[in-house]
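Enquirer: Chains as they are written, first to last, in my numbering: chain C, 1230 to 1613; chain V, 1262 to 1654.
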Amino acid sequence: MKFLPLVWAGLMRKKARTLLTLLSIIVAFLLFGMLDAVRVAFTVRDSLEGASRLVVSSKLSIIQPLPYADLAQIQRVPGVEQVAFANWFGGIYQDRKNFFANFAVSPNYLDMYPEFVLPEEQQQAFLKTRTAAIVGANLAKRYNFKVGDRIPLQATIFPHKNGDNTWTFDLVGIFRTREARDRNQEDQMIFRYDYFDEGRTFGQGTVGWYMVKVSDPGRAQEVAQTIDRLFANSADETKTQTEKQFNLDFVKQIGDIGLIVSSIMGAVFFTILLLTGNTMSQAVRERIPELAVLKTIGFSNRSVLWLVLGESLLLAAVGGSLGLLLAMAGAGALSAAFRGGAFAVGAQSWLTGLMIMTVLGVAVGLPPAWRAMRLRIVDALVER
Amino acid sequence: MRWLEQILEITWMSLATIPRRLGSALVIVGGIAGVVGVLVALLAIGEGFQSVLAEAGRLDDAIVLRKGASAELNSGLSREDVVLIAQAPGILRDSAGIPIASAEVVVVANLPKRSSGTDANVEIRGVGQRVWELRSAARIIEGRRFETGKRELVIGKGAQTEFAGLEVGRTVRLGLQDWTVVGVFASGDAHESELWSDPEVLQGAYNRDGYQSVTVKLTDVDAFDALKAALSSDPRLTVDVQRTRDYYATQSEDLTRLIRILGVAIAAIMGVGAVFGALNTMYAAVSTRSREIATLRALGFSATPVVISVMLEAALLALVGGVIGAGIAWAAFDNYTASTLGANFSQVVFAFQVSPRLILDGLLWALGIGLLGGLFPAVHAARQPVTSALRAL
Chain C
1230 MKFLPLVWAG
1240 LMRKKARTLL
1250 TLLSIIVAFL
1260 LFGMLDAVRV
1270 AFTVRDSLEG
1280 ASRLVVSSKL
1290 SIIQPLPYAD
1300 LAQIQRVPGV
1310 EQVAFANWFG
1320 GIYQDRKNFF
1330 ANFAVSPNYL
1340 DMYPEFVLPE
1350 EQQQAFLKTR
1360 TAAIVGANLA
1370 KRYNFKVGDR
1380 IPLQATIFPH
1390 KNGDNTWTFD
1400 LVGIFRTREA
1410 RDRNQEDQMI
1420 FRYDYFDEGR
1430 TFGQGTVGWY
1440 MVKVSDPGRA
1450 QEVAQTIDRL
1460 FANSADETKT
1470 QTEKQFNLDF
1480 VKQIGDIGLI
1490 VSSIMGAVFF
1500 TILLLTGNTM
1510 SQAVRERIPE
1520 LAVLKTIGFS
1530 NRSVLWLVLG
1540 ESLLLAAVGG
1550 SLGLLLAMAG
1560 AGALSAAFRG
1570 GAFAVGAQSW
1580 LTGLMIMTVL
1590 GVAVGLPPAW
1600 RAMRLRIVDA
1610 LVER
Chain V
1262 MRWLEQILEI
1272 TWMSLATIPR
1282 RLGSALVIVG
1292 GIAGVVGVLV
1302 ALLAIGEGFQ
1312 SVLAEAGRLD
1322 DAIVLRKGAS
1332 AELNSGLSRE
1342 DVVLIAQAPG
1352 ILRDSAGIPI
1362 ASAEVVVVAN
1372 LPKRSSGTDA
1382 NVEIRGVGQR
1392 VWELRSAARI
1402 IEGRRFETGK
1412 RELVIGKGAQ
1422 TEFAGLEVGR
1432 TVRLGLQDWT
1442 VVGVFASGDA
1452 HESELWSDPE
1462 VLQGAYNRDG
1472 YQSVTVKLTD
1482 VDAFDALKAA
1492 LSSDPRLTVD
1502 VQRTRDYYAT
1512 QSEDLTRLIR
1522 ILGVAIAAIM
1532 GVGAVFGALN
1542 TMYAAVSTRS
1552 REIATLRALG
1562 FSATPVVISV
1572 MLEAALLALV
1582 GGVIGAGIAW
1592 AAFDNYTAST
1602 LGANFSQVVF
1612 AFQVSPRLIL
1622 DGLLWALGIG
1632 LLGGLFPAVH
1642 AARQPVTSAL
1652 RAL
């Protein structure tokens, strides 16, 4: 610590150079933070509730409906606590670009999701009103929906029986997620299955998928297999997965986001390593006589090594932290720009970031520091 | 003329010293290579996705969907609708007077992917008998066409590379039925991600009795308006009709825009870093040569050639970086195949495309970064008082 003023003096020797190096490190970590936020947003998390939920869909494909009659059979499977069901609607609000998830659900659907918080009277209103709909807070904010509004959706799959393509719903509730990291779940709209099933022109008596809550998450796999066996060799075979596996498979279908993000990050850090590495060795080269003087007045080889290494570590740490702080602001802007986005720079990203800062500092600083340590006083002084 | 001579002279002198400061020169080259490489690679994703869908569309084909359906998967047409649509004016007929149209069933199946082993959605398209005339780009490259009335599949080339177990002769299980793979087709467009079969047999497997879309060949490009007018005025039909070129272009719009925004944003942030790097290098270059520059000025060289020569040097190094970056992106990613979820909720296989236009874009970025990074050091160099610079060392 007593060397800190010396390290500082070294950095302040050429202010412009230090500033430029610092800025490029900041930029690198700003990118790292934001890209990592994107990666995290596409990572499926473990949650207690998620572990006890199963998704039952058609084995043929997710778009194939299942008979409503399966409900009673699934409910009788041992280990099943509760069964809800849903059907994708895919309606459009005003313009095709305003995409958000909307689907019809059974009355007990929200009981499956204790992580969604909805006032009791709004929950009751949903059960009482046939045309009722509930939206997430994110969605409500985006389109300025208020309880009591009538929301028209243009059907893409299910035209209404009355010949009109528009379905109208009464907004009775707005839910929030219990935890901030689940904010992206607030971007959906749900409404009642009975209203939907009666109004649609085809497919009556079928549902898109069943959600099953198991009493013991440890036995989830077992229950899933029992359900699938129940419908094996029937006209509608099922595929039952834990909610986590279902989500994982879905994210995988979008593409290998982790790979793309880490390739970009690789290119970014290679560039930064090159930039700062060269600057550091340049800085040391210019200061060889000074370092020789330090050694002459009694600084040990090791101290000189730390002096130089300290400079690069300090640069990496300051630049990296500032970059990550900027990324936190940037992730907020990103969430606002992309509908339904919940990007945030979390503790995990900071931890990885700190590790990268250390590695960067050492990788950049060690070669010149090593050279400074091995410096022979006589040679170095003569160079002037 | 004297100016030009001076510029060339100074630039040549400074370029000759590059080998002695290779390390710092490499910073500009490497930094910009990184920016251009990332930019070109990311934009190549969007370019590839856009082009595979654009290839599927034509000006003289039209696709009919149920009104309001934005994709085939959302659409539904009855058998009566299909008959009515095929009789509409503007549709090309063969010598026997039969309209060249294909009423198609579009469904999705779960098949394991080669790369991960996990299930992903693949599109199965039941196509009419005239499809090989309608989509003349599609041709069988292995095996044969499927036969009407049989549980047979021909596999798109892209689907075969992405999904496991789709070799000719293998069977695929759809529900309780076994289907046989009898051939592989190539078409160079988004249809290569699909599996084709007989529509009626496919309806049976999925327990349906309607169709999703009708694609027709127009008598000529201008016949579209007549077809559209006829279909929209028919009270028995509630359908939307579009040229296939417009239909497929819309499908790539969202993803392409997203990738463009991301690519440019990331490259811009990296570009800022590279500008700092270039500034650093050029300041260093100018400061080590300050005596030399002062000498030139004392000899009568004017300030402007000094400025221009420093910027030329930065631009030249930047261009080298740009070429390397774009070259790496081209070598590593041109024709790299990937797949993502398309409008029909199933995998669309596409190849990254590093087009000449993208490379040009990348080089322009490189030039911009280089000039920006050279400007301030150049001005700094020219502004240095001659006397103090001469005395400095």
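For glycine and all other residues, C-beta sits at the position ideal for the given N, C-alpha and C.
DSSP puts V/Ser1600 in a beta bridge; with which residues?
Expert: In DSSP, V/Ser1600 forms a bridge with V/Val1610.
Enquirer: Using DSSP bridges, identify the partner residues of C/Met1418.
Expert: The partner list for C/Met1418 (beta bridge, DSSP) reads C/Asn1331, C/Val1364.
Enquirer: Output, in chain order, the set of chain V residues within a Cβ distance shorter than 8 Å of C/Gln1511.
Expert: Under the 8 Å cutoff, chain V gives Gly1284, Ser1285, Ala1545.
Enquirer: Roughly how many whole angstroms lie between the Cα atoms of C/Pro1518 and C/Leu1610?
Expert: So the alpha carbons of these two residues sit roughly 5 Å apart.
Enquirer: For C/Tyr1615, does the three-state DSSP call read helix, strand or coil?
Expert: Here chain C comprises residues numbered 1230 to 1613, so residue 1615 of chain C is not present and cannot be evaluated.
Enquirer: So, do the region 1334–1342 of chain C and the region 1477–1490 of chain C have three or more beta carbon pairs nearer to each other than 8 Å?
Expert: The region 1334–1342 of chain C is not in contact with the region 1477–1490 of chain C.
Enquirer: Examine the Cβ distances between the region 1620–1632 of chain V and the region 1577–1595 of chain V and report whether three or more of them are shorter than 8 Å.
Expert: Contact holds: three or more Cβ-Cβ distances are below 8 Å.
Enquirer: Along the region 1321–1348 of chain V, where does the CB come closer than 9 Å to a CB of chain C? Name the residues.
Expert: Residues Arg1327, Lys1328, Gly1329, Ala1330, Ser1331, Ala1332, Leu1334, Asn1335, Ser1336, Gly1337.
Enquirer: Mind checking which residues open and close the alpha helix (DSSP H) that includes V/Val1344?
Expert: That run of the alpha helix (DSSP H) goes 1340–1347.
Enquirer: Using only alpha-carbon positions, find the residue among C/Glu1310, C/Ala1270, C/Gly1582 that is nearest to C/Arg1412.
Expert: Minimum Cα distance to C/Arg1412 is reached at C/Ala1270.
Enquirer: For the region 1572–1601 of chain V, which residues have a CB atom closer than 7 Å to at least one CB atom of chain C, in sequence order?
Expert: Listed by position along the chain: Ala1599, Thr1601.
Enquirer: How would you call V/Glu1233, buried or exposed, if buried means at least 16 neighbouring beta carbons within 10 angstroms?
Expert: Only positions 1262 to 1654 of chain V appear in the structure, and residue 1233 of chain V is not among them; the question remains open.
Enquirer: From C/Leu1604 to C/Thr1500, what distance separates their C-alpha atoms?
Expert: Their backbone Cα atoms lie some 29 Å apart in a straight line.
Enquirer: Is DSSP giving C/Gly1434 helix, strand or coil here?
Expert: The answer is coil: DSSP assigns C/Gly1434 none of H, G, I, E or B.
Enquirer: Give the single residue among C/His1389, C/Tyr1439, C/Glu1349, C/Arg1429 whose Cα lies nearest to the Cα of C/Ile1403.
Expert: For the residues C/His1389, C/Tyr1439, C/Glu1349, C/Arg1429, the minimum Cα distance to C/Ile1403 belongs to C/Glu1349.
Enquirer: What is the DSSP secondary structure of V/Asp1439, reduced to helix, strand or coil?
Expert: Looking at V/Asp1439 - three-state DSSP - the assignment turns out to be strand.
Enquirer: Examine the Cβ distances between the region 1331–1350 of chain V and the region 1522–1538 of chain V and report whether three or more of them are shorter than 8 Å.
Expert: No, the region 1331–1350 of chain V does not touch the region 1522–1538 of chain V.
Enquirer: Taking Cβ-Cβ distances shorter than 7 Å, what residues in chain C pair up with V/Ala1530?
Expert: Before going on, a small fix: residue 1530 of chain V reads as Ile here, not Ala. Under the 7 Å cutoff, chain C gives Val1256, Leu1259, Leu1260.
Enquirer: For V/Tyr1467, which residues in chain C fall below 8 Å Cβ to Cβ?
Expert: Here the neighbours are Leu1289, Gln1293.
Enquirer: As a quick exercise: from C/Gln1577, C/Thr1587, C/Ile1606, C/Ala1313, pick the residue whose alpha carbon is nearest that of C/Lys1442.
Expert: For C/Lys1442, the nearest C-alpha among the options comes from C/Ala1313.
Enquirer: Could you tell me whether the Cβ atoms of V/Asn1382 and V/Val1369 are closer together than 8 Å?
Expert: Yes. Within cutoff.
Enquirer: Pull up the CB-CB distance for V/Ile1361 and V/Lys1478, whole angstroms please, since I reckon it's below 8 Å.
Expert: Between V/Lys1478 and V/Ile1361 the Cβ distance is about 4 Å, and since that is below 8 Å, they are a contact.
Enquirer: Would DSSP call V/Thr1409 helix, strand or coil?
Expert: Reduced to three states, the DSSP call for V/Thr1409 is coil.
Enquirer: At a Cβ threshold of 8 Å, is C/Arg1268 touching chain V?
Expert: So, not an interface residue.
Enquirer: Verify whether the separation of the beta carbon atoms of C/Val1490 and C/Arg1305 is less than 8 Å.
Expert: Their beta carbons are not under 8 Å apart, which means C/Val1490 does not touch C/Arg1305 by this criterion.
Enquirer: What's the call for C/Lys1243, buried or exposed, on a 16-neighbour Cβ count within 10 Å?
Expert: So C/Lys1243 ends up on the buried side.
Enquirer: Whole angstroms is fine: what's the gap from V/Leu1254's alpha carbon to V/Leu1625's?
Expert: Any question about residue 1254 of chain V goes unanswered here, given that chain V covers just 1262 to 1654.
Enquirer: Indicate whether at least one CB of chain V lies closer than 8 Å to the CB of C/Arg1613.
Expert: Low confidence applies here, because C/Arg1613 scores a pLDDT of 49, under 50, leaving its location unreliable; read the following figure in that light. So, not an interface residue.
Enquirer: Just verifying my parser: in three-state terms, what is the DSSP assignment at V/Ile1554?
Expert: Reduced to three states, the DSSP call for V/Ile1554 is helix.
Enquirer: Keeping to the same chain, check which residues put their C-beta closer than 7 Å to that of C/Ile1606; ignore five residues upstream and five downstream.
Expert: Closer than 7 Å at the Cβ level, and outside the excluded window around C/Ile1606, lie Ala1521, Lys1524, Thr1525.
Enquirer: Could you give the distance in angstroms between the alpha-carbon of C/Arg1613 and the alpha-carbon of V/Val1584?
Expert: Caution applies to C/Arg1613, whose pLDDT of 49 falls short of 50 and renders its modelled position unreliable; the value that the coordinates give is listed next. Rounded to the nearest angstrom, the two C-alpha atoms are 40 Å apart.
Enquirer: Please report the residue range of the beta strand (DSSP E) in which C/Thr1395 lies.
Expert: Unbroken beta strand (DSSP E) run through C/Thr1395: 1395–1406.
Enquirer: How would you list, in chain order, the residues of chain C whose beta-carbon sits under 7 Å from the beta-carbon of V/Leu1435?
Expert: By Cβ distance, chain C contributes Leu1289.
Enquirer: For C/Asp1426, which residues in chain V fall below 9 Å Cβ to Cβ?
Expert: Those do not exist, as C/Asp1426 stays about 17 Å from chain V at its closest Cβ, beyond 9 Å.
Enquirer: Out of V/Thr1517, V/Ile1279, V/Ser1336, which one is the CA nearest neighbour of C/Met1387?
Expert: Before going on, a small fix: residue 1387 of chain C reads as Phe here, not Met. Per the Cα distances, V/Ser1336.
Enquirer: Residues of chain C with CB closer than 7 Å to the CB of V/Asp1380, please, in chain order.
Expert: Per Cβ cutoff of 7 Å: Asp1478.
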